[in-house]
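Report on the following structure.
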Amino acid sequence: MNNIIDFIKKNGNPFETLELDMTADIKEIKSQYKELARKYHPDKNLNTKEIFIKIQKAYEFIVNNLTDIHKYVEHQKFRQQEHSKMSNEQKQYAEDLKRREQFAEKQRQQDEVVKQMKVNEEIARMEEQRKFEENEKKQKQEKLIQFELQNQDLYKRLNTIKIKWAKDQLYTSDLLSLLFKNYGAIQEIKIQDNKRKATITFHTTEAASNAVLQSNDGFLKVKHFMKEEKRQQVQKQLQTEKERINRNDQNVYNLSTDTLNRISHFYNKDSKIKEGLDELKREQERLKLINQIYEEELNK
Numbered sequence: 002m003n004n005i006i007d008f009i010k011k012n013g014n015p016f017e018t019l020e021l022d023m024t025a026d027i028k029e030i031k032s033q034y035k036e037l038a039r040k041y042h043p044d045k046n047l048n049t050k051e052i053f054i055k056i057q058k059a060y061e062f063i064v065n066n067l068t069d070i071h072k073y074v075e076h077q078k079f080r081q082q083e084h085s086k087m088s089n090e091q092k093q094y095a096e097d098l099k100r101r102e103q104f105a106e107k108q109r110q111q112d113e114v115v116k117q118m119k120v121n122e123e124i125a126r127m128e129e130q131r132k133f134e135e136n137e138k139k140q141k142q143e144k145l146i147q148f149e150l151q152n153q154d155l156y157k158r159l160n161t162i163k164i165k166w167a168k169d170q171l172y173t174s175d176l177l178s179l180l181f182k183n184y185g186a187i188q189e190i191k192i193q194d195n196k197r198k199a200t201i202t203f204h205t206t207e208a209a210s211n212a213v214l215q216s217n218d219g220f221l222k223v224k225h226f227m228k229e230e231k232r233q234q235v236q237k238q239l240q241t242e243k244e245r246i247n248r249n250d251q252n253v254y255n256l257s258t259d260t261l262n263r264i265s266h267f268y269n270k271d272s273k274i275k276e277g278l279d280e281l282k283r284e285q286e287r288l289k290l291i292n293q294i295y296e297e298e299l300n301k
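Each residue of the sequence shown is one higher than the last, beginning at 2 in my numbering.
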């Protein structure tokens with residue numbers, strides 16, 4: 002087969018020279034050669050001598066190597082078939098690979114969509130939680146403000162101290178402000194005419210307590226505006242109410258005592274529920290006590 006390849010490289014394909022298919026038989030080859038030889042014979046045209054020689058070489062080579070040429074042709078067909086088969090397999094592989102890549106890309110996009118949906122849901126949940134917490138905080142602040150406004154008279158009494166001095170002493174509002182301003186911001190000072198007494202109201206209970214603890218110097222007698230026992234009771238109750246608001250408990254203390262008694266009787270077999278209802282009644286009693294203290298202080 003090497004001689005065939007060498008001839009083709011040097012002289013071109015002999016079958017193409019004879020204008021034949023490589024599958025042509027010996028009869029077709031001889032017939033075509035005779036026709037071309039007559040056509041390009043130098044006796045007819047001197048300019049076709051080289052073509053005529055090329056035709057002769059092609060014919061002689063084919064005739065002398067026809068068996069090998071047919072084997073070469075079969076080998077080339079086989080190679081083409083194998084190449085075609087391989088090409089089909091490669092094409093199928095490429096198509097399969099493309100399908101897998103498309104599926105993987107589609108899956109990736111779906112995963113991204115699901116992931117983004119989860120992210121969006123989490124953002125929405127966090128935003129909802131933030132709004133809920135802000136609203137809850139706002140409601141608590143409003144309730145605390147409302148609570149302090151409703152109980153501002155009690156807070157005022159807790160923040161107020163009473164001062165008394167000797168007959169030979171003289172204290173003015175300016176002097177008292179100078180003496181007591183270091184304990185905290187002062188809301189107001191009231192001096193009772195001809196009684197050697199005054200009241201100072203601070204903005205905080207802590208300031209009032211500090212003034213009572215630290216300002217008794219022998220010249221002034223300083224006391225809380227409310228008696229100690231009642232003051233502690235009121236402080237405790239107000240603190241309890243503020244803590245209840247911060248816990249966002251339901252305002253069950255608005256239930257009447259009769260209602261609580263009926264509920265307690267209905268659930269008297271459940272000790273835990275009964276204990277809880279009893280605790281509610283005790284809280285109501287403490288609220289009544291605050292109102293009582295408030296009324297007593299007003300009537301003094």
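Think of the CB as a built atom: it goes at the ideal place given N, C-alpha and C, for glycine as much as any other residue.
Tell me which residues share the same chain as residue i and place their Cβ nearer than 6 angstroms to its Cβ, disregarding the 5 neighbours each side in the sequence.
i, result
"L159", "T206"
"G185", "F203, T205, A208"
"E189", "T202"
"N3", "none"
"N14", "none"
"L299", "In this predicted model, L299 has a pLDDT of only 49, less than 50, meaning its place in the structure is not dependable enough to derive any value."
"N211", "Y184"
"L256", "Legend: pLDDT at L256 = 48, less than 50; position of this residue unreliable, value from coordinates given subsequently. Hits under 6 angstroms: none found."
Indicate whether residue i and residue j have their beta-carbon atoms separated by less than 9 angstroms.
i, j, result
"I63", "I9", "no"
"N12", "K50", "no"
"V223", "V213", "yes"
"I187", "T173", "no"
"I306", "F133", "For residue 306 there is no data in the structure shown, the boundaries of the chain being 2 and 301."
"K163", "F226", "yes"
"I52", "Y34", "no"
"L239", "S216", "no"
"T200", "T241", "no"
How far does the beta strand (DSSP E) with residue i in it reach, from first residue to last?
i, result
"Q193", "187 to 193"
"K228", "Counting along the chain, K228 falls outside any beta strand (DSSP E), and DSSP gives it neither H nor E."
"K198", "198 to 203"
Considering just the uninterrupted stretch of the alpha helix (DSSP H) at residue i, what are its terminal residues?
i, result
"A167", "Neither: A167 is in no alpha helix (DSSP H) and is coded neither H nor E."
"F181", "174 to 181"
"S216", "Careful: S216 lies outside any alpha helix (DSSP H) and carries neither H nor E."
Give the C-beta separation of residue i and residue j to the nearest angstrom, bearing in mind that I take them to be a contact with Cβ-Cβ under 8 angstroms.
i, j, result
"K165", "K191", "No, K165 and K191 are not in contact; Cβ-Cβ is about 13 angstroms, not under 8 angstroms."
"Y60", "I5", "Not confirmed; about 15 angstroms, so no contact."
"D22", "F16", "7 angstroms"
"K243", "L145", "7 angstroms"
"L47", "L19", "No, L47 and L19 are not in contact; Cβ-Cβ is about 22 angstroms, not under 8 angstroms."
Near residue i, which residues of its chain fall below 7 angstroms by C-beta distance, leaving aside the five closest residues on each side in sequence?
i, result
"Q170", "F220"
"K157", "T202"
"F267", "Low confidence applies to F267: its pLDDT is 47, below 50, so where it sits in the model is not reliable, and the reading given next is rough at best. Excluding positions up to five away in sequence, the list is empty."
"P43", "T49, K50, F53"
"T24", "V74"
Identify, in the order they occur along the chain, each residue of the same chain with its Cβ nearer than 8 angstroms to the Cβ of residue i, setting aside the five sequence neighbours on each side.
i, result
"E83", "none"
Item to complete: Could you name each continuous alpha helix (DSSP H) segment of 4 residues or more that falls completely within the stretch 11 to 90, going from the start of the chain to the end?
Response: 15 to 18, 27 to 41, 50 to 65
Worksheet entry | Runs of alpha helix (DSSP H) wholly within the stretch 95 to 168 (minimum 4 residues, chain order) | 153 to 159
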